[in-house]
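Have a look at the structure below before the remarks.
Number of protein chains: 2
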Amino acid sequence: MAETKPSDAHHHGNLKEALVSYTLSAADNGGLSDLSVRKAARDLGVSPGAAYRHFPDKNALLRTVASLGFDALAETFEHAVPFDSSARDAKEARARFVKLALAYSDFAHRRRELWRLMFGPLGRSPSLASGRPSTYEWLGKCLIELASFGIIKDPQPEDQFFAWSAIHGLSDLQRPPTIADPPQDALVERHCAFVIAALSQESYASRAAQ
Amino acid sequence: MAETKPSDAHHHGNLKEALVSYTLSAADNGGLSDLSVRKAARDLGVSPGAAYRHFPDKNALLRTVASLGFDALAETFEHAVPFDSSARDAKEARARFVKLALAYSDFAHRRRELWRLMFGPLGRSPSLASGRPSTYEWLGKCLIELASFGIIKDPQPEDQFFAWSAIHGLSDLQRPPTIADPPQDALVERHCAFVIAALSQESYASRAAQ
DNA sequence: CCTCCAAGTAATCACTGATTACACAGCGAC
DNA sequence: GTCGCTGTGTAATCAGTGATTACTTGGAGG
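This is the structure:
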């Protein structure tokens, strides 16, 4: 049970953490595609097989890193829009929503490879560890705030998903094909305005269902 | 210049095409991740090195396949919403828009690995060959139709990009985290309604700019 | 007919993911 | 203390991979 002990234990110390942070920094330096377990071990001054004491295979390592990616994203959210605080007026509610979207889009842009890993076939572990609220919950909170000031109607689950989709899609595509290098922040703000516009309408759902 | 000749030439014949279609079918059978040039060559009854006469490296093959993916997507569009026909009334314009979104989302769902390849780091070649209109142009046409019946306002480039983002994000995420197995078509329709709602508002852009 | 060149082969390099048998430190039990 | 056990790392090895090279082949064109 010495796994949680962060000091150097006997041979290398905390290899597991070292491998993870190595991979993480590889992702942030554009070197994820040519990351190999062996190179990581080499750079960490350890034999190739050692890594397999901590991860059953390479994908397990990548999955762990993807999971940490979600933690990092939550941290970004927390910095941009503290989860425990609340907007005091309509303008601030709007601003918080935009800030959240900006944080998401920025993350996707700055940490592209990590982001791809997170939403690639190895990621997708819904909410994951760390006790932090998930993107989805964070977004939900912002929407409820917007609703509380009458900016949008009461958010249903599908509204929340729509908002997420729109922001996620924007972050994935990053730029319209027709414009080379758009002012990123303005683009995100514009999209937020669209989302708010959509969610401020009377319920299409009930109208269509009848 | 025998490269365009589709008949069997002398040794294997059209290896290039065979490699491409092998890769394509691998992608459609969930075997893209363990595709290897050697295995492809083996299954095609050819030596490993032969492939490198036709593609400088593995990524080049994958890029070609990604490009074909965009062609296939355009074909799907053409089947769902023929590019040369037009809606005759508002209802049909709406229906065409929904059909386009459904085609997009269906493609992302049914041919997931190919789709991931297309929008992954190897894809992204904007519009590509085959002379077909791109997704972006197709969408633009649908929006213009919607506008022509007064359903939305005149589509600006940013409107078009917003619509694409929303549909793309939906297709990438596929389902809200809270719902296990949503009725896919209804979900897409709902999203389309949201997009239309957003684009039917007076221009937020000009209002914000002033 | 003969030459030339696209298209394939065989052999090889460096490297990778993964498994196995082994070594060794430090801990608690006795 | 020493015995043994478990966690952690090593060394060696296997099968498979992307890629390159030198060599062969077979059909089309002069």
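Listed in order, the protein sequences are those of chains A and B.
Be aware that the first sequence starts at 1442, since it is given in this note's numbering, and climbs by one per residue.
Be aware that the second sequence starts at 1442, since it is given in this note's numbering, and climbs by one per residue.
Positions of the beta carbon are idealized from the N, C-alpha and C atoms, including for glycine.
Keep in mind it's a predicted model, so treat the numbers as computed, not measured.
- Each of B/Val-1629, B/Ser-1527, B/Ala-1507 was checked against the Cα of B/Tyr-1545, and the nearest Cα belongs to B/Val-1629.
- Taking the beta carbon of A/Glu-1599 as reference, the chain B residues within 7 Å of it are Arg-1631, listed in sequence order.
- Per the coordinates, the alpha-carbon of B/Gly-1591 lies some 43 Å from the alpha-carbon of A/Leu-1555.
- Taking all protein chains shown into account, A/Gly-1471 has fewer than 16 neighbouring C-beta atoms within 10 Å of its C-beta and is therefore exposed.
- Apart from the 5 residues on each side of it in sequence, A/Tyr-1493 sits with its Cβ closer than 8 Å to the Cβ of Val-1478 in its chain, given in chain order.
- For B/Tyr-1493, no alpha helix (DSSP H) encloses it, and the DSSP letter there is neither H nor E.
- Contact between the stretch 1577-1593 of chain A and the stretch 1530-1540 of chain A is present: three or more C-beta pairs spanning the two stretches fall below 8 Å.
- In this structure, A/Gln-1625 keeps its C-beta atom at 9 Å or more from the C-beta atom of A/His-1520.
- Look at the stretch 1606-1617 of chain A: the residues with a C-beta under 9 Å from a C-beta of chain B are Ser-1606, Ala-1607, Ile-1608, His-1609, Gly-1610, Leu-1611, Ser-1612, Asp-1613, Leu-1614, Arg-1616, Pro-1617.
- Contact of A/Pro-1562 with chain B is assigned, a C-beta pair being separated by under 9 Å.
- Secondary structure of B/Gln-1597 (DSSP, three-state): coil.
- Listed by position along chain A, the residues whose Cβ is nearer than 8 Å to that of B/Phe-1518 form an empty set, because the closest Cβ is around 16 Å away.
- Nearest to A/Glu-1599 by C-alpha distance, out of A/Val-1506, A/Asp-1613, A/Leu-1580, A/Gly-1561, is A/Leu-1580.
- Residue burial annotation: A/Ala-1481 is buried, with at least 16 other C-beta atoms found within 10 angstroms of its C-beta.
- In this structure A/Ala-1634 does not touch B/Ala-1607 by the C-beta definition: roughly 13 Å separates them, more than the 8 Å allowed.
- Rounded to whole angstroms, the gap between the alpha carbons of B/Thr-1464 and B/Leu-1502 is 8 Å.
- Taking the C-beta atoms as reference points, A/Pro-1562 is found no nearer than 9 Å to B/Arg-1483.
- Close CB contacts of A/Val-1522 within its chain, under the 6 Å cut and outside five residues either way in sequence, are with Arg-1537, Lys-1540, Leu-1541 (chain order).
- Annotated three-state conformation of A/Gly-1510 is helix, per DSSP.
- The three-state secondary structure of B/Ala-1621, taken from DSSP, is coil.
- The residue among B/Phe-1496, B/Ser-1488, B/Glu-1578, B/Thr-1505 with its C-alpha nearest the C-alpha of A/Pro-1617 is B/Glu-1578.
- The DSSP-derived three-state label of A/Asp-1547 is helix.
- Judged by beta-carbon spacing, A/Thr-1517 lies within the 9 Å limit of A/Asp-1547, meaning their Cβ atoms are closer than that value.
- Distance from the Cα of B/Leu-1485 is smallest, within the candidate group B/Asp-1525, B/Ala-1531, B/Leu-1456, for B/Leu-1456.
- The beta carbon of B/Ala-1542 sits no closer than 9 Å to any beta carbon of chain A.
- Annotation for A/Ser-1527: Glu-1586 place their beta carbon closer than 7 Å to its own, counting only its chain and skipping 5 residues before and after.
- Annotation for B/Ile-1585: the continuous alpha helix (DSSP H) segment containing it runs 1576-1589.
- Closer than 9 Å to the CB of B/Arg-1557 there is at least one CB belonging to chain A.
- When 9 Å is used as the limit between beta carbons, B/Val-1636 is near these residues of chain A: Phe-1603, Ala-1607, Phe-1635, Ala-1639, in chain order.
- Taking 9 Å as the cut-off, the beta carbon of A/Leu-1640 is found no closer than this to the beta carbon of B/Phe-1602.
- In this structure, B/Ser-1589 sits near B/Ala-1534, with a CB-CB distance shorter than 9 Å.
- The C-beta of B/Leu-1628 comes closer than 9 Å to at least one C-beta of chain A.
- For A/Ser-1474, a Cβ of chain B is located within less than 9 Å of the residue's own Cβ.
- When the alpha-carbon of B/Gly-1564 is set against those of B/Asp-1595, B/Ser-1508, B/Ala-1604, the nearest one is in B/Ser-1508.
- Cβ atoms of A/Ala-1638 and B/Ala-1531 stay farther apart than 8 Å, at about 20 Å.
- Membership of A/Asp-1469 in the alpha helix (DSSP H) is indicated by the continuous run 1456-1469.
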